[in-house]
Amino acid sequence: MTFNQLDFVTYCIGSVAEGLNIDQPTVYKMLKDSGILYGYIVPAYDVLHTYSGRRITEEITEIMHERGVLK
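The opening residue of the sequence shown carries number 85 in the numbering used here; numbering runs sequentially from there.
This is the structure:
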């Protein structure tokens, strides 16, 4: 993982945590355990980092719902 990807992952975790009103360590664990972090966010960095902050949060939250991480 590059520094830019790591910085982006940190941003995504914070953004999703704020959007869902959940603490960041919990969001990190949810994304890591579900495979979204390394199976989606990191590989899709080139595309995702061009989205607005709001769109990133919506995209990740939608995937969390699809994978049953959020109900």
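Glycine included, every Cβ here is placed at the ideal spot set by N, Cα and C.
Grouping DSSP H, G and I as helix and E and B as strand, with all else coil, what is residue i?
| i | result |
| --- | --- |
| N166 | There is simply no residue 166 to check, as the chain begins at 85 and stops at 155 in what is shown. |
| Y124 | helix |
| L154 | coil |
Span of the alpha helix (DSSP H) holding residue i?
| i | result |
| --- | --- |
| D117 | Q108 to S118 |
| L132 | Y129 to L132 |
| R139 | G137 to E150 |
* Asked: Does the region 128 to 135 come close enough to the region 105 to 112 to have 3 or more Cβ pairs within less than 8 angstroms?
  -> no
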